[in-house]
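Take a look at the structure below.
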Amino acid sequence: LPEGFRIRSVTPDDFDELALCIRQVFGHGEWFNREILEENASASFYHPDLDLVVVDEDGKIVSFCTFRLDPPTGLTELEPMGTLAEYRNKGIGRALICEGFRRLQKYDPSMLFIGEAANTPPANRLYELTGFTERYDMIQWMKAL
2 LPEGFRIRSV TPDDFDELAL CIRQVFGHGE WFNREILEEN ASASFYHPDL DLVVVDEDGK
62 IVSFCTFRLD PPTGLTELEP MGTLAEYRNK GIGRALICEG FRRLQKYDPS MLFIGEAANT
122 PPANRLYELT GFTERYDMIQ WMKAL
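Take 2 as the starting number for the sequence shown in my numbering and just add one per residue.
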């Protein structure tokens, strides 16, 4: 991690800033807000120690990732993962994912996957650098009720 940055767990006090950061990285509209993060934080897959951010020396969130662990199966999804554009290519995302791996080990996950990842050369390079391999095309069947 570059000097002046640190990794820490997300707290509820971060939700407004984190929602803004996620909107900036993914281009989500204003609909992505604190309430969505509060709802996620109450889900069975949520573990506060696996919801991580990188902050700069002023405490600004510059990168984020959440490891969503399903306790009964041990299946774990890395989602969302992102870094503000001006902080990319500095090793921040890689350091964040690696810290998540370290924290995740105590849960003995059965599998770690990235379900709906950005399919861009920079994102793919990050996933490869952190040990992910492209394995499957996912087909989803849906029905609105």
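Heads up, the beta-carbon is just placed ideally off N, CA and C, and yes, glycines get one too. It should be emphasised that the depicted structure is a prediction, and the values quoted were computed from it without experimental measurement.
{"Item": "Could you tell me which of Gly94, Glu31, Leu2 sits nearest to Tyr128, measuring between CA atoms?", "Value": "Gly94"}
{"Item": "If you run the structure through DSSP and keep just helix, strand and coil, what is Pro123?", "Value": "helix"}
{"Item": "Gly116 to Glu135, Cα distance in whole Å?", "Value": "11 angstroms"}
{"Item": "Indicate whether Asp52 and Arg35 have their beta-carbon atoms separated by less than 8 angstroms.", "Value": "no"}
{"Item": "Over the uninterrupted beta strand (DSSP E) stretch that includes Glu78, give me the two end residues.", "Value": "76-84"}
{"Item": "Report buried or exposed for Ile1, applying the criterion of at least 16 other Cβ atoms within 10 angstroms of its Cβ.", "Value": "Here the chain has residues from 2 to 146 only, and residue 1 is not among them."}
{"Item": "Considering only C-alpha positions, which residue in the set Arg7, Trp32, Val54, Arg89 is nearest to Asp14?", "Value": "Val54"}
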